[in-house]
């Protein structure tokens with residue numbers, strides 16, 4: 001237990017140390033003075049022991065080569081009075097500003113001879129103060145993680161500038177980019193042998209601890225302002241946001257997403273490529289698309305408002321998407337659908353009945369539109385999981401909705417998509433790209449299976465729904481090692497299955513006993529409901545239920561096909577059942593961090 005508690009305490013300390021989270025988007029001095037050793041929590045004795053730092057690694061770390069070129073790149077809108085002065089400023093004294101219809105881009109050019117010497121000194125003289133920059137796997141393990149990242153993650157979400165990773169000179173930005181690559185690639189089960197930290201370390205970590213250390217190290221470096229180039233910071237923040245589901249603080253992932261959007265808007269990435277960053281326009285457009293997609297996913301995962309609205313963009317989204325490679329383009333086309341479906345969950349959508357997005361395009365048509373016919377099957381299957389998750393969300397069925405012309409269509413679409421999600425995961429298994437939307441889609445499938453189990457009155461369909469729910473729980477349980485927040489719904493769903501099995505067994509045993517004595521046969525006999533209801537109410541308070549494989553090892557599913565009209569949920573405690581329905585069977589999308597409707 002002591003070992004398990006350590007990462008949690010460390011995470012809490014990390015959150016205290018970076019109370020302002022990532023400060024690269026805020027106003028900061030160009031040169032940071034060295035800080036006292038005693039005042040820096042990163043240099044505490046426990047950290048020194050936990051993450052030993054090679055003493056000869058300090059001289060090799062260089063200040064970013066391009067930090068003097070993009071030290072203060074930012075966009076200033078016409079609503080800001082500063083913009084009028086910047087537009088008229090002489091280039092020789094204030095840098096240069098290029099006009100745009102809604103503001104100016106300002107870039108202060110620094111003197112190459114006036115480098116940030118104090119920061120370089122702080123990094124090189126006492127590298128123990130920055131030991132988080134040494135939190136990396138050994139080289140051969142990093143190379144394997146990089147291959148996994150490029151093969152799986154980068155094909156779907158190419159947010160990282162791969163050229164930075166290939167530079168021969170090690171810079172602070174390159175170290176953080178490598179850490180972000182390891183964070184994303186480490187969630188794949190095939191990466192398990194490579195989850196080590198430290199050049200001399202041979203201890204293989206579990207992914208939660210591996211990700212915790214990497215994430216904390218990246219956030220510390222960003223919080224200290226070591227990355228001056230906001231464009232590079234945006235890419236790192238996108239990966240941090242999508243892969244920070246191990247944190248005890250569920251707000252952290254959404255906060256990091258907001259930081260990524262804020263930095264992207266600071267440099268005017270939402271309008272067009274910054275004029276001062278003309279060296280790689282294709283990557284800047286791709287980065288903008290990644291930030292936009294992350295914003296839409298963040299709104300779905302956490303039930304947050306969308307931060308990047310189409311009316312505020314100076315880019316043609318369709319043109320930006322059309323420029324991308326086929327696999328990434330297919331992913332973006334599906335995220336466009338998600339953006340349309342989020343409208344169904346906004347507060348202004350006062351829907352009292354079932355609402356369905358009727359013109360939902362098929363996955364086949366989206367693949368053809370994106371010219372993605374040649375994409376590997378496992379990548380197509382990974383993206384198809386997101387598509388079917390969105391198909392489930394495209395039908396909003398309010399609780400208690402019984403009459404609607406769209407209700408039958410909604411139930412059919414959701415049921416088919418839920419079955420396809422579990423089928424795809426079962427078929428491709430570990431070959432899937434372990435993106436964050438994979439457990440999200442499976443969680444949506446679990447919601448559908450539970451709803452069908454609750455609503456079905458036909459014993460055969462009840463038994464089928466139970467098997468579907470059990471299969472989905474097994475998948476989410478396996479994903480829980482990488483995405484622990486998925487376990488919340490699994491624990492609750494498995495408790496429901498256990499109670500259903502117990503109710504069926506007890507009720508049918510009671511019926512058999514009554515039949516042998518000539519008593520009337522009915523599942524709701526006087527005294528039985530009270531005792532079962534009390535028993536269920538007590539059992540639902542169990543925090544750590546038995547693994548489902550143990551709990552129902554001897555259960556005969558044919559019991560559910562017993563008496564006609566038998567409703568096992570009539571034996572549940574109403575208070576417990578309402579709470580379960582709110583989480584597993586509500587009309588809102590199951591955001592990992594927030595279970596309410598979209599703001």
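In the UniProt record's numbering, the protein residues as written are 1 to 599. C-beta atoms are modelled at their ideal positions from N, C-alpha and C, and glycine is treated no differently. If you're wondering where the values come from, they're calculated on a predicted model, not measured in any experiment.
Residue i - containing alpha helix (DSSP H), residue span
i	result
residue 445	437 to 455
residue 244	Run containing residue 244: none; DSSP gives neither H nor E here.
residue 136	Element bounds for residue 136: n/a, residue is neither H nor E.
residue 368	363 to 369
residue 426	407 to 428
residue 261	251 to 266
residue 186	First-last for residue 186: undefined, no H or E at that position.
residue 218	207 to 223
residue 283	281 to 302
8 Å contact criterion, which residue i and residue j should meet: CB distance rounded
i	j	result
residue 164	residue 179	Contact flag wrong, Cβ pair sits at about 12 Å.
residue 234	residue 263	5 Å
residue 290	residue 321	The Cβ separation is near 12 Å, so there is no contact.
residue 372	residue 380	7 Å
residue 161	residue 283	5 Å
residue 260	residue 231	Actually they are not in contact, since the Cβ atoms of residue 260 and residue 231 sit about 11 Å apart, beyond 8 Å.
residue 293	residue 330	At roughly 12 Å, the Cβ-Cβ gap does not stay under 8 Å, so residue 293 and residue 330 are not in contact.
residue 476	residue 496	Not a contact, Cβ separation roughly 14 Å.
residue 377	residue 435	Not really, about 16 Å apart at Cβ, beyond 8 Å.
residue 150	residue 137	At roughly 16 Å, the Cβ-Cβ gap does not stay under 8 Å, so residue 150 and residue 137 are not in contact.
residue 328	residue 440	The Cβ separation is near 19 Å, so there is no contact.
For residue i, three-class secondary structure by DSSP
i	result
residue 473	helix
residue 527	Note on residue 527: pLDDT 39, under 50, position unreliable in the model; the coordinate value appears next. Looking at residue 527 - three-state DSSP - the assignment turns out to be coil, as it is neither helix nor strand.
residue 325	coil
residue 396	strand
residue 169	coil
residue 355	strand
residue 160	coil
residue 386	helix
residue 202	coil
residue 228	coil
residue 462	helix
residue 154	helix
residue 233	helix
residue 468	helix
residue 306	coil
residue 339	helix
residue 486	helix
residue 311	helix
residue 496	helix
residue 191	helix
residue 360	coil
residue 148	helix
residue 316	coil
Spatially closest choice to residue i from the options, by CA coordinates
i	options	result
residue 271	143, 476, 313	313
residue 469	333, 442, 266	442
residue 255	208, 306, 169, 289	306
residue 449	494, 261, 344, 189	494
residue 389	364, 444, 461	444
residue 242	324, 295, 167, 393	295
residue 287	223, 377, 236	236
residue 466	479, 328, 354, 447	447
residue 257	244, 430, 268	244
residue 197	420, 140, 188, 170	140
residue 438	323, 168, 152	152
residue 220	231, 240, 201, 202	240
residue 340	269, 360, 458	360
residue 214	230, 186, 200, 434	186
residue 419	471, 430, 299	471
residue 374	216, 201, 326, 266	326
residue 363	417, 342, 317	417
residue 148	171, 170, 192, 167	192
residue 253	224, 285, 303	303
Distance cut-off 8 Å: residue i Cβ against heavy atoms of the ligand ZN
i	result
residue 455	What this structure holds is no ligand at all, so the ligand ZN is not there to describe.
Is the region 407 to 415 in contact with the region 131 to 144, if contact means three or more CB pairs nearer than 8 Å?
Taking 8 Å as the limit for Cβ pairs, the verdict is that the region 131 to 144 does not touch the region 407 to 415.
Any 3 or more C-beta pairs closer than 8 Å across the region 151 to 161 and the region 206 to 213
no
Using a Cβ distance threshold of 8 Å, determine whether the region 356 to 365 contacts the region 181 to 192, with at least three qualifying pairs required.
A contact is defined here as three or more CB-CB pairs under 8 Å, and the region 356 to 365 fails this definition with respect to the region 181 to 192.
Inspect the CB distances between the region 415 to 427 and the region 324 to 337 and report whether three or more fall short of 8 Å.
no
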